[in-house]
Every structure is written in structure tokens, then in C-alpha cells.
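A.B. asks:
In this note's numbering, the protein residues as written are 86 to 441.
1) By Cβ distance, which residues of its chain are closer than 7 Å to residue 425, with the 5 residues on each side in sequence left out?
2) Does the Cβ of residue 439 have 16 or more other Cβ atoms within 10 Å, making it buried, or fewer, making it exposed?
3) Is it the case that the Cβ atoms of residue 92 and residue 132 are separated by a distance below 8 Å?
4) Is DSSP giving residue 305 helix, strand or coil here?
5) In terms of residue numbering, what span does the beta strand (DSSP E) encompassing residue 334 cover?
6) Report yes or no: do three or more beta-carbon pairs, one from the region 197-213 and one from the region 165-182, lie closer than 8 Å?
7) For residue 158, count neighbouring Cβ atoms within 10 angstroms of its own Cβ and tell me buried if that reaches 16, exposed if not.
8) Counting C-beta neighbours from all protein chains within 10 Å, is the total for residue 417 16 or more, i.e. buried, or is it exposed?
9) Can you tell which of 401, 260, 258 has the C-alpha that lies nearest to the C-alpha of residue 90?
10) Output the boundary residues of the alpha helix (DSSP H) element that contains residue 122.
11) Quick test of your reading: residue 174 and residue 199, contact by CB under 8 Å. State the CB separation rounded to the nearest angstrom.
12) Output the distance between the C-alpha atoms of residue 283 and residue 251, rounded to the nearest integer angstrom.
13) Which full runs of the alpha helix (DSSP H) of 4+ residues lie inside the region 237-289, going along the chain?
14) Below 8 Å between beta carbons: does that hold for residue 214 and residue 273?
15) Give me the Cα-Cα distance between residue 325 and residue 238, rounded to the nearest whole angstrom.
16) If the criterion is Cβ atoms closer than 8 Å, does the pair residue 330 and residue 316 meet it?
17) I need the boundaries of the alpha helix (DSSP H) containing residue 179, first residue and last residue.
18) By how many angstroms is the C-alpha of residue 247 removed from the C-alpha of residue 396?
19) When you compare only the Cα positions, how much space is there between residue 427 and residue 128?
20) Going by C-alpha to C-alpha distance, which of 292, 161, 110 sits closest to residue 188?
21) Given this structure, state the Cα-to-Cα distance separating residue 153 from residue 353, to the nearest angstrom.
22) Span of the beta strand (DSSP E) holding residue 109?
23) Can you tell me whether residue 145 is helix, strand or coil according to DSSP?
24) Considering residue 319, what are the terminal residues of the beta strand (DSSP E) in which it resides?
25) By a C-beta neighbour count over all protein chains shown, 10 Å radius and 16 as the cutoff for buried, is residue 42 buried or exposed?
26) Tell me whether residue 336 is buried or exposed, calling it buried when 16 or more other Cβ atoms sit within 10 Å of its Cβ.
27) Is it true that the CB of residue 113 sits closer than 8 Å to the CB of residue 138?
28) Skipping 5 residues on each side, what residues in its chain have a beta carbon closer than 8 Å to that of residue 360?
29) Assign residue 373 to one of two classes, buried (16 or more other C-beta atoms within 10 Å of its C-beta) or exposed (fewer than that).
30) When you compare each of 186, 420, 405 to residue 454 by their alpha carbons, which one comes out closest?
Structure, rendered in C-alpha cells:
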């Protein structure tokens, strides 16, 4: 593809104007966002004006017919993903979906099968896959530089006022509630290192009685895979943001801070004073090095965050006719594990999945 890629955006809530559209706007000469669409006309109009996008729509089918885009980027609530993706694929567009890809394996299969029939690409925004610290950690593990892989531990904290305290937020209608929205982050991060998650368990805890619409604000999750065990903590009752991944290997521990884009190789084989002192100095040196590296890369890449890097990669794959870096099959695997988790939480899952 040599011409400018025409992109349309479905959904003008939080993530499209905060992450997706700014990412496309950085790709000058490569991509043009020609229209946005939202059922809320004021939201669509506001986003189109803010980013100087020529057209806005409240009807998805009309937008596809009038604009004839190359790519449809779907940023709507996940209950709507399958229907919109299938329609976009049938109209001849490549599709990019915010996570989760859909709410069920059946919906994921429908999207993938339609893409294959229409000879179009489907990708899913698992944005932290493109975090440089995580990419480096994955590389070190694959090369065996930290010994054999043993397991992974993930900690995510999402402030209460982001979703939990908002009574009418659409996440409370998802299978698993707030976990249904941010849980996919933990699952796809775990899937970077774990192979074939076959068994899960989840322990929820209701902490904040002032938000009765929220089923739980604290979750402990166990993921059993062929090559190790993953443990996940997700909390929604604090005012703090945090996103950390610890990878355990036979010859050390890799500690990733996704928000700082930092990676520390942790090695403590002895507990004497000298070893502890050297370890403290080494960790401090790595922290300062990470800080300088992050600042320099932010300057050189003009603020390219993980969403921006991912979307740029997706666009390059369209231009070069290569497979997407996070495929529909990757998205489906995350949904497979999420479906296992929410079935543990909610025996009425099948009834909730019909909500579109």
C-alpha cells in the first residue's frame, strides 16, 4: 500500500481521544483519520473538532459507506466489538480493536473467521506489549540470560475514581465488572511468559461499601500454565496507579515498572552485609540508568507511548502487508483466559454475554 492510510474511529469516549487519535496524528504523511463515530453526537462532534477531523457520524454503517476507510479502529465498549468488527471487515476494512477483543470465544472466532474470509487483518491493542521495558525482559528470558523461567507476578492498581466510583460506568455491566475491563492487561502480560494457561482461580473481595454497584475492588488471581505459575493482584480501592511485572528465573528476578518503563535485574544469592550493600548500589545504578534512558527515548521519540508504538507498528504492517504484531488469535487467547476467570466469579456468565 503506497497511498495514505484512511482511518476511522468508532467510539469517542476516553481511550480514543486520550491515546488512539494522538497516536495516529503523530504519523504525518502515513495516516489520516478521516472520521469519528459515536452514538453520542456531542461526543463525536467534540472529538472531531478537538483533533481537526473533517467528519463525525452517529451511524457506524453510514460512516463506512461514505468514507470507505482502509482501517476501522474500534474503541467502543467491548460488548459491541464483535458486531462492529464483523461489519467493518465485510465492508473491506482492516480492523484494530481495543482490548479486550470481545467478551467471548464465540465472538472472537466470528471476528477471526470473517477476517480470513475477507482477506483482511485484525489486530488487538494489547498496548503494554510494546512497552520497551517489557520487551527487554521478554528478550532476556527467551535468551536464557536469567536462567530458566519459573513464574511471573503481576500487580495492577487502578484508582477508585477512574471507574469503580462511577455508578453508571459501562464496566459495571461487564462479566467480572471492573476486572472485565482491566483484567485483560494482566492476562496478556502473563501470556508473554506463560505457555498454555489451563487452570485459573480468582479470589475477589468487596472492600468499599459506599459503591454497592461494584461487586469487588480487590482480586487475587492464580494462573496455572505448562511452564510455570502466574499470580496477579488487581486492586481498585486505592487512589494510586501502579503496573508492575516480576519475572522469576533460576538465576535472578526481573522487575518491570511499566509506568516508568524501567527494568531492574535483581540478584541476591547471599544475605551477608557485603552482598546486601552491593545489591543496593546496583539497584540504584540501574534505577538512575533507567531514568536517563526513559527521558532520552521520550525526547527522541517525541513522546511515543506504548499505544503510539503499537499503532505505528500496526500501520507499518498494513503498508508492508505483514502480520499484525498482536493478532486476532492473540486477542482470542486473552479472552479465553478471561472467560475462565469470570466463570469462576459469575455463574450467570452466559446470560451476561448476550448483552450487546
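In this text, a Cβ means the ideal position worked out from N, Cα and C, and glycines have one as well.
C.D. replies: Looking at the atomic coordinates:
1) 285
2) Residue placement at residue 439 is poorly supported in this model, since its pLDDT is 40, which falls under 50; the coordinates still yield a value, given next. Flag for residue 439 reads exposed.
3) no
4) strand
5) 327-334
6) yes
7) buried
8) buried
9) 401
10) Looking at the DSSP string, residue 122 is not in any alpha helix (DSSP H); the run it does join, the beta strand (DSSP E), is 116-122.
11) 5 Å
12) 34 Å
13) 263-278
14) yes
15) 19 Å
16) no
17) Segment 179-183 is the beta strand (DSSP E) holding residue 179; no alpha helix (DSSP H) there.
18) 24 Å
19) 31 Å
20) 161
21) 58 Å
22) Counting along the chain, residue 109 falls outside any beta strand (DSSP E), though it belongs to the alpha helix (DSSP H) covering 106-110.
23) helix
24) 313-320
25) This structure leaves residue 42 out entirely; the chain is present only between 86 and 441.
26) exposed
27) no
28) 353, 354
29) exposed
30) Absent from the structure is residue 454, since the part of the chain shown begins at 86 and ends at 441.
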